[in-house]
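Protein chains in written order, with the numbering used here: chain P, 1 to 110; chain A, 1 to 633; chain Z, 1 to 180; chain S, 1 to 458; chain W, 1 to 491. Heads up, the beta-carbon is just placed ideally off N, CA and C, and yes, glycines get one too.
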Amino acid sequence: MNDSVSQAVQGVPLDYYIWLSTALFVIGVLGVLYRRNAIVIFMCIELMLNAVNLLMVAFSGYHGDGAGQVFVFFIMAVAAAEVAVGLAILITIYHNTRSTDINVLNKLKW
Amino acid sequence: MDLIVGLIPLAPLSGFLLIALLNKQLRRWLVALMACSSVLFSFVLSIVLFFSLGEDQQAITYTAFEWIAAGNFSVSFSFLVDPLSIVMMLIITGVGFLIHVYSAGYMHGDEGFNRFFAYLNLFIFFMLVLVMGANYLLMFVGWEGVGLCSYLLIGFWFKNTEYNNAAKKAFIMNRIGDLGLILGVIMIFIHFGSLSYQEVFAQAPGWASGSQPITIITVLLFIGAIGKSAQIPLYTWLPDAMAGPTPVSALIHAATMVTAGIYMIARNNILYTLAPFTLDLVVIIGLATAVLGATIAVAQNDIKKVLAYSTVSQLGLMFVALGLGAYASGIFHMTTHAFFKALLFLGAGSVIHGMSGEQDIRNMGGLRKYLPITFATFLIGTLAISGLPPFAGFFSKDEILAGAFAQNKIVWGLAFFASLLTAFYMFRLFFLTFSGTSRAKAEVSHHIHESPGSMTTPLIALAALSVIGGSVGIPAVLGGNHALNDFLTPVFSQSRELLPAHHLSHTAELVLMTVVVALTLGVIFIAYSLYVQRKKVPASEGVSLNSLHRVLYHKYYVDEIYDRIILKPMIFLSKALDAVIERLLIDRVVNGAGKAVTWGGKTLRLVQTGNTGFYIFAMVISIIVLLVVKSFT
Amino acid sequence: YAFYFLSFLAVLNALMVVFSRNPVYSVLYLVITFFCVGGHYLLLSAEFLFAVHIIVYAGAIMVLFLYVIMLLNLNEDTEPHKKTLYKFAAIISGGLLMLVLVAALKGAESPELVFGANAEVGLVKNLGKMLFNEFLLPFEIVSVLLLAAMVGAVMLGKNPLKETVAAKKSKGKSGLISKM
Amino acid sequence: MNSVFILSGLGIFSLLAEIFNIKRWLFPVVILGLILSAVLMALDWNQATAYYSNMLTFDNYAVAFSVTLSLVAVLWFLMSKDYFENTTNITDHFSLILFALVGAIFMVSYSNLAMLFLGIEVLSISLYVLAGSNFQNVFSNEASFKYFLMGSFATGFLLFGIALIYGATASFDLQIIASKVAEGTTTTTQWLYAGILMLIIGLAFKISAVPFHFWAPDVYEGSPTVVTAFMSTIVKIAAFAGFYRLFSTCFSAVSNQWVDVIQVITILTLLVSNITAVYQHSVKRILAYSSVAHAGYLLISLVGLNDISSSAILYYVIAYAVASITAFTVLHNVEVEDENAAVDSFNGLAKRNPYLAFCMGVALLSLAGIPPLAGFFAKYYIFTVAFQSGYIGLVLLAVLTSLIGIYYYFRIIIAMYLKSTEKGEIIQVPLRHTVILAISVLASIIVGVFPDLLVGLI
Amino acid sequence: MLTLLLIFWPLLATLVFFALRPHEVKKWALAASVIELVISLVIVILFDPSASAQFVVNYTWIQSLGIDFHIGIDGITLLLVLLTTVLTPLIILSSFKNQYENAPSFYGLVLFMEMAMIGVFCALDGFLFYIFWEMALIPIYFICLRWGGVNRGPVTLKFFIYTLAGSLIMLVGLIYLYFQTPGDHSFDIQALYAAGQNLSSDKQGIVFWALFVAFAVKMPVFPFHTWQPDTYHTAPSPGTMLLSGIMLKMGIYGVIRWLIPVVPEGVERWGTTALTLSVIGIVYASLLAIIQKDLKRLIAYSSIAHVGLIAAGIFTMNKMGLQGAMIQMVSHGIVIVGLFYIIDIIISRTATQEIASLGGIRTSAPLFNGVFMIILLGSVALPLTSGFVGEFLLINAVFQYNFVSGAFAGLTMIFGAVYMLRSFQLTMLGDNNAATKSFIDLDRQEKWVLYPIVIMVVLIGIFPAPLLKISDAAVDNLLNIVSNYQAGVGD
């Protein structure tokens, strides 16, 4: 079936994939800048990672080389780990300061 | 022979060292003995040298060791004994010896007795180095050395701030002169490539008369002389120098110190001869000083001040002589002056000693019956300085006047005027002190006493010298042969060849003499009528004087003027530099850098807001900037 | 023309993630976005990755997010808001970043995406081979990484008892991932 | 290579230790294991062997740095033992630290971008947790949170960069990338250059170079002191070594494309960090800024990339690590009696404990770069590198900033030796710390006096 | 070998301190410094005045960077080494009467500093020179910081950063020269000479300033001097003596050994500027000295003036000037140590260094007065004291170089007399007051310090020839390097 599927993308310029993933990446960044809720910010970071994944896969397809996909696999694992740790940290913080607002945390400065 | 030459300065030096190092251990009489004997010793040696020099006019040079050597520059510790220096040595050691003896009595009872004699010996030593040195640098050693000793001796009673200031003034003014001198010496080295007299004088005739370097050199040297011999504008230290004990004044004014300038110019006569401009300068300065000193002296009431200013004016006369190229006459007058000025000062000292410290002539008078010996000797001194025959002063001064007359009438006129004034103020001083009735305060008057033998003997000795001293230079007119003149010939021979000879006919010379003597007598009579017959006494402090008199009394306000135009501005300048450049400029810049950094720290740390959102924002912004910069360049 | 459709959906939902006020919605939008991305994987014939993607992201991570949000019961009114100025600046700079990146990446030539013989690199078989031959070490390291994450999560989660559950959960997830 | 396994093994061992409850053996075992692994690494000297289908290459560069890392780790463990004993779960800490160390070693020895990425992540994730390991303390929470948030954000850029590089070169293997870059047979140069830029951003964040340094001062201040010590030594070394390894091997061919970017970053780092440090109160913050500043000095060697710069970096890193271990040990002891030590809490240290004061003085002088201490020669060596490549202006700037550096380092010295304090009592120092201090102080002197021990090693 | 011993003996000596009880330390420190003096005297005996560098030791130090541990002694070095080794015992002895808390570290620092300074004078390798140069800075900084007077924190920091700024610029200059050396580069002094002389005249000018600034700050030459009065004022007396007596000479030595031969063209080009600066410094500092109210500050400014003259003399680049500089360095070192010790005595007796609040000390302390007088005369360069020889040669040289500068330089004679006599009068003469009434005369241990100084002042004044001989050949050597260079440029 993959042949038929792959037919679907035959001829789509690689640039388009780049634009797409760039767009997703930037949206992720935008989210990080835009929101103050730590959790949402984590999500946006995940979005960024996904953008990268997509790019990788596109490239790997383009080069017909599996390495990229393997790398994506690693990235996913890392992402999972990061989320786990990140949320754990978040919860600890929430436990101390009943908030997930990143701007609440500005005791350390100057 | 060399041994002797070496010993002459060594004797007083060893005297100084012994006394200085063993200060506490020594008894006073021993100190006095050591001091006097050491000077006497070198006096005797000088006499020996004099005679050994007498038969063959060969100059002796004795090199002790090499002193400084750097590159092509090399100076050694070497002494030169020739007629000029021998004359100086005789005066220094001779008069110096008498002053030593006198001091033994005068300083009796002062707690600084030992110190005093140590200084005196050191003084003699440096003066000997000055006159015996065979090169300019060694002369400079003595030159500065005597400056130091004058500092030590003038400030001898160091508890009195006045005296200390006087001492400091003396040293610094001398230093100003010394700078001129040392620069002159350096110029000499630059142009002659050596500092030893022989080599320099050997080369000297090679230079054209009035060539610029020579002129500069001589002027610079003359600045040194001005400082040392108290000429305008650096003379003010000398009158203050009487702050020291009276024997010191005698030593400074008569035997040592001030004569250095005369000696130096006489020594360099050839250079000066080659620099007519400088000669004229010397004459002008000398004349001005002579008149100025004399006029001021007329209005002074302090016995020592009067004498001090008389020294100033007499030195002026000597410089006039030198400036006119009559070097021998300059030396001659210096010699006689040494005698009677020493006499006068010591006499004054005796008076002060008798009056238990009183120095103001307005509180004296009628001392002749209390202090007979002092009176007699002082009279002789006064006659000598006034230039009456047959006393020493007559011949020397007359020689100068004659020389002046032969060359330039105006110079002669002014010099003559100065000498008349001299006669006047000296006799004014004399009458006010000795004749008439005592004006002394009661507590002083009843124990006025003649000084002890140790003081009177030197007086008598000097009085004798002041009488016969002139005999070394009796002019041909009066059937004499100018012994000193001939003796000094080898020193001045070079200059003599270059200088035009001015000769007065004997008749003219005789006429001059008579005129001089007559007028002098007249002046003396005026003084007599004023201060003996009318018993006039100078107005006491506070009484308003007529303007001329006031100006004279305040010595033309010269000290005040110096204070205004030199001291105050210098201090002001220092303060200004300190405030503006040091603090405002440099410190500002240096500390400013530090402050700037601290300020930067204070402000930059505020960027660290602690707000994560802001941090990320900043990062993104800078990423954008980076990308822009990259992709559009 | 699945590509354009998926891309459109992805971007749209991504934006929604950012702009929706309620965190829960954000999560849901994000899930959709992930599915779109997964679709792209299929298009690019990376079936294995598609599977992993769905499991890990939609299955694990998103659930975790949801769980935490529920736990802290965040919702619209607890949602902190930046000043509008901030938001504006954020949007501006985001746009700028986009522009700049595009400018930086715009290749003179845009190679066409063409699948040749090696279309089946994305198959489990091939990837497995790679994974256990040349990428063996990284694979092992991943397990170390996950172990570290687990330990960390436990450590952080352990002490306030209330959050123990969350910690355990995260532990479970990472364990699951590390198995495959 | 095997040493990596030893370390991971140690990590797992320390986890098990809790279960089998042999905690008291843990510490000595860890120390021995570290030393053993250091020795094993040293055996790879001059082998330049590639492992696991060229994932890691233990060339001399890698060996030198990984040995350094392990030894510093030994010192670090000796220093921070007591801190962990106070915490409930010592074993977790140990395992995390050891995993982090493994990650660090990958970062200096990788020869494949995958390994770089994973190394960074292992290191970072452990550190995110460690930074927050003082749960009750809000500062610690905040530190770990900030670190995590910004760290993962930066990771995004790093990955983007890697992806672009992959797109450009169709490989993650450094050799292949290098050769393609050198031959210019990349798909398109735009991707390559953009990728390089992204990598720079991601890595600059890891070495906390301005303007990606914002996390550093806060995290350093908030984290427990020992963790801060770990960050400012091991993490910094690993991050920079990785950075340098990547750029010197892969992208040196196109250095004209990125060198000016690095230069700008360097200049910013030197100026901002040094100036900001001047007006700080917390000693930890001062040290944080100083570590940022040192990142700047290290970057100079990347700007003036040439044959001696790698050895310059090695020397610099060692000098810096030794000095900061000393400084942190002293700080650790001072903090015993007042938390979050400010400069004032060093007042009168010379009287309260001359030994501590002396060691701190040496450390600070070395950091400030005063001869004959190691720090001086390190700076000097870096300057020579820059000079050789003709960046005289940069050298002058560095000189200027190191002068500013003097100012804040000496604030502490003055506090120790000049200021008086009411707290009269002597500070007690555990023997372990005395030993560390002795070792590290001697090290900075000896290495400083005989630089030939390290110079030209790699 | 002997050189190694000479340099590192003080350092070894300090090791013993750990074994001693605090109150014994000072004695041992004195002993050590005396032994050091003996070593240097042995070297003087074995020294061959006609040759240049001797007792050379040369080990490779940092292979790959062409840095050697290369030390040797020629006349110029020897003279300064001698100065150091003579003064250090005196300084240590002078510190005996005030009890310094934590004596071991104090004397340890002093000896460490002696080591560093001797190293500076002996180094024949640019890098080594720089290392020693900086190493000399550390101990003095800590001495001032720990045992200094009021407000010492900022003052000493300013001093440290100020001097370090200078020397870092010098370091940059040295590295620059290093990279001009051919082949795989070297820091050897000859190589650096060659490298510097091959530079174009503009480049030489730049290098000149890079190096000169460091030396100027150290000396200090106007306008780089503002750190100095404050530092002298706050530093403890031994520190002040070390700074003014010896350390300051490092700057002058640097100019002689590491500036003139390295960039003759640069000196050619900027020498006049530097000379003018120095001469300005003379007058400026003298004027400021006149109005100082504080004894230490006064001496500090006077030292600036004297050093200005020395620097001016060096930049005339003729033998007279250099020899004058050498002898004057020795004299200045001795005299200023003496003066600072005298001030130290006054402070310890009367607890004040305000000139105004003193006076009349002479009445109660004649010996003290005499010593002060002689040292003071040395400072105002009266003939037959050590000061005169150098000052005359220097003024002579400057005068030959340029009439006007010479005249201005000469002013130091007058100003010197003015401020020194002023301070002398206000402290020693006049009536004594509450502060000075019970002023005890010198005790035995003070005599041990001051009498040698007095003797040296007089002896050097009368027999300077031996000292001049020591440095004679070395100076010729130096000037030959320059003249050869100019000859080379000529054709």
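Below-8 Å beta-carbon distance, residue i vs any chain W residue
i, result
"residue 153 (chain A)", "no"
"residue 289 (chain S)", "no"
"residue 408 (chain A)", "no"
Cβ of residue i within 8 Å of any chain A Cβ
i, result
"residue 110 (chain P)", "yes"
"residue 102 (chain P)", "yes"
For residue i, the nearest candidate out of the options (CA to CA)
i, options, result
"residue 312 (chain S)", "W:20, W:43 and W:64", "W:64"
"residue 171 (chain S)", "P:67, P:26 and P:47", "P:67"
"residue 79 (chain A)", "A:61, A:422, A:462 and A:459", "A:61"
"residue 59 (chain A)", "A:552, A:530 and A:487", "A:487"
"residue 421 (chain A)", "A:402, A:617, A:238 and A:311", "A:311"
"residue 326 (chain S)", "S:263, S:438, S:186 and S:335", "S:438"
"residue 226 (chain A)", "A:271, A:614, A:210 and A:285", "A:285"
"residue 301 (chain A)", "A:393, A:348, A:586 and A:360", "A:360"
"residue 366 (chain W)", "A:21, A:7 and A:594", "A:21"
"residue 150 (chain A)", "A:229, A:203, A:107 and A:195", "A:229"
Per DSSP, the bridge partner or partners of residue i
i, result
"residue 54 (chain W)", "W:73"
"residue 222 (chain A)", "According to DSSP, which records beta bridges pairwise, residue 222 (chain A) is partnered with nothing at all."
"residue 75 (chain A)", "A:68"
Distance CB(residue i)-CB(residue j) smaller than 8 Å
i, j, result
"residue 172 (chain A)", "residue 290 (chain W)", "no"
"residue 207 (chain S)", "residue 239 (chain S)", "yes"
"residue 270 (chain S)", "residue 143 (chain S)", "no"
"residue 141 (chain A)", "residue 222 (chain A)", "no"
"residue 117 (chain A)", "residue 40 (chain A)", "no"
Near the ligand HEM: residue i beta-carbon under 7 Å from a heavy atom
i, result
"residue 58 (chain S)", "Summarising the ligand content, the structure contains no ligands, and the ligand HEM is consequently not present."
Chain P contact for residue i (CB, 8 Å cutoff)
i, result
"residue 591 (chain A)", "no"
Minimum Cβ-Cβ distance from residue i to chain S less than 8 Å
i, result
"residue 126 (chain Z)", "no"
"residue 602 (chain A)", "yes"
"residue 66 (chain P)", "no"
Residue-level contact to chain Z via CB, residue i, 8 Å cutoff
i, result
"residue 40 (chain P)", "yes"
Mind pulling the alpha helix (DSSP H) runs of 4 or more residues that sit fully within the region 415-499 of chain A? Those alpha helix (DSSP H) runs which fall completely within the region 415-499 of chain A and span 4+ residues are 442-445, 453-468 and 483-498.
Check each residue of the region 45-65 of chain S: if its Cβ is closer than 8 Å to any Cβ of chain D, include it; give the result in chain order. Among the protein chains in the structure shown, which are P, A, Z, S and W, there is no chain D.
Residue ranges of each alpha helix (DSSP H) within the region 122-180 of chain S, 4 or longer: If we require 4 residues or more, the alpha helix (DSSP H) runs fully inside the region 122-180 of chain S come out as 138-169.
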